[in-house]
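Numbered according to the numbering used here, the sequence shown terminates at residue 290, and the numbering increases by one at each position without gaps.
We treat Cβ as the ideally placed atom computed from N, Cα and C, and that holds for glycine.
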Amino acid sequence: MTIALVTGATQGLGLALAEGLAQRLAPTDTVYLTGRDVEKITTAVRSMPGGGAKVRGELLDVADPGSAAKLAAQIHDRHGGIDVVFGNAVMRVGPDDDPREIIDGYTEVNNFGTTRLLKAFAPLLDDNGRLIVVASSLGTLQHLAPVLHEHFTKPSSLDELDVQVARWRDAVKDGRARSGAWPGFVNIPSKIGQVAAVRVLANERRDSDLARGVLIAAACPGMINTPTSALWWDVSTAPTPAQAATALLDLALGPLKPEHYGELVRHGEVVPFS
Numbered sequence: 017m018t019i020a021l022v023t024g025a026t027q028g029l030g031l032a033l034a035e036g037l038a039q040r041l042a043p044t045d046t047v048y049l050t051g052r053d054v055e056k057i058t059t060a061v062r063s064m065p066g067g068g069a070k071v072r073g074e075l076l077d078v079a080d081p082g083s084a085a086k087l088a089a090q091i092h093d094r095h096g097g098i099d100v101v102f103g104n105a106v107m108r109v110g111p112d113d114d115p116r117e118i119i120d121g122y123t124e125v126n127n128f129g130t131t132r133l134l135k136a137f138a139p140l141l142d143d144n145g146r147l148i149v150v151a152s153s154l155g156t157l158q159h160l161a162p163v164l165h166e167h168f169t170k171p172s173s174l175d176e177l178d179v180q181v182a183r184w185r186d187a188v189k190d191g192r193a194r195s196g197a198w199p200g201f202v203n204i205p206s207k208i209g210q211v212a213a214v215r216v217l218a219n220e221r222r223d224s225d226l227a228r229g230v231l232i233a234a235a236c237p238g239m240i241n242t243p244t245s246a247l248w249w250d251v252s253t254a255p256t257p258a259q260a261a262t263a264l265l266d267l268a269l270g271p272l273k274p275e276h277y278g279e280l281v282r283h284g285e286v287v288p289f290s
């Protein structure tokens, strides 16, 4: 029996990942489709095609400090462990958003939400389990001034990384980031922080995880044709969420490639962090 979970699964890529898991898994398996809005969760579960795995809706707001740990405890009680976790919850930022006004909520979901998910669910991974954080090729150090690299390379624990992300958040809020080396597009440091979180956790668990066939990785789905992406770029020819989900599902359900462990993976290839 396979147990899978997707965060941010009520629309877009998250919904496509939940549907793809349900289609690829067996009727004895369970896919947890999670989000922070009960009505949207219910609608998303009802939209799932018949056959395949059972899809179960659950509340999970990664911005809530206790939400991930609470659901992880419930899944542990029900199943003993988990096989596949996709961390896909994300707060989007638009071209007209003032970074100083949205940065608190943005980091709570995208960054602290990621570390909460990793802390809650990594200990539950069964043998041959997969924990994949959906990130971006923007999450590499080549997009950041070298003087800032140590913010994401020096931390040796998720708590230490959270401290660095909080310092960047505060610099955005009070305007110091504008006059320094930080990029104006807050998505860049945020995505780098997500990939760094995966790398930090992987460094702690690498030997034991690989011995058990476990994969912890970040994944870049590439450009996707969604209304939010269309605010920034021409995505008219980009893949749909369902098309973009294919490579991520292959990563989660295919054989383990040790070179993917702790790395950012795009279409089966490692994207170097530095």
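Keeping to the same chain, check which residues put their C-beta closer than 7 Å to that of residue i; ignore five residues upstream and five downstream.
i, result
"residue 3", "The question about residue 3 has no answer here: the residues shown for the chain are numbered 17 through 290."
"residue 289", "156, 157, 211, 215, 280"
"residue 154", "203, 204, 207"
"residue 26", "51, 53, 56, 57, 60"
"residue 109", "118, 122, 202, 203"
I need the DSSP call for residue i, collapsed to helix, strand or coil.
i, result
"residue 78", "coil"
"residue 62", "helix"
"residue 234", "strand"
"residue 200", "coil"
"residue 128", "helix"
"residue 228", "coil"
"residue 279", "coil"
"residue 99", "strand"
"residue 118", "helix"
"residue 208", "helix"
"residue 272", "coil"
"residue 141", "strand"
"residue 41", "coil"
"residue 187", "helix"
"residue 181", "helix"
"residue 54", "helix"
"residue 216", "helix"
"residue 163", "helix"
"residue 112", "coil"
"residue 27", "coil"
Do residue j and residue i have their beta-carbon atoms positioned less than 8 Å apart in this structure?
i, j, result
"residue 265", "residue 36", "yes"
"residue 240", "residue 263", "no"
"residue 79", "residue 24", "no"
"residue 160", "residue 204", "yes"
"residue 105", "residue 73", "no"
"residue 119", "residue 185", "yes"
"residue 134", "residue 87", "no"
"residue 229", "residue 282", "no"
"residue 98", "residue 143", "no"
"residue 223", "residue 232", "no"
"residue 147", "residue 138", "yes"
"residue 40", "residue 269", "yes"
Count the other C-beta atoms from every protein chain shown that fall within 10 angstroms of the C-beta of residue i, then say buried if there are 16 or more, exposed otherwise.
i, result
"residue 17", "exposed"
"residue 100", "buried"
"residue 256", "exposed"
"residue 219", "exposed"
"residue 162", "exposed"
"residue 278", "buried"
"residue 180", "buried"
"residue 260", "buried"
"residue 8", "Here the chain comprises residues numbered 17 to 290, so residue 8 is not present and cannot be evaluated."
"residue 44", "exposed"
Which partner residues of residue i appear in the DSSP bridge assignment?
i, result
"residue 70", "46"
"residue 148", "102, 233"
"residue 20", "47, 100"
"residue 285", "282"
Return the chain-ordered list of same chain residues with a C-beta closer than 6 Å to the C-beta of residue i, the five sequence neighbours on each side being excluded.
i, result
"residue 12", "Outside the displayed span of the chain (17 to 290) sits residue 12, for which this structure offers no information."
"residue 15", "An answer regarding residue 15 cannot be provided, because it is not within the stretch 17 to 290 covered by the chain."
For residue i, which residues in the same chain have their Cβ closer than 8 Å to its Cβ, ignoring the five residues on either side in sequence?
i, result
"residue 213", "127, 130, 131, 134, 149, 174, 177"
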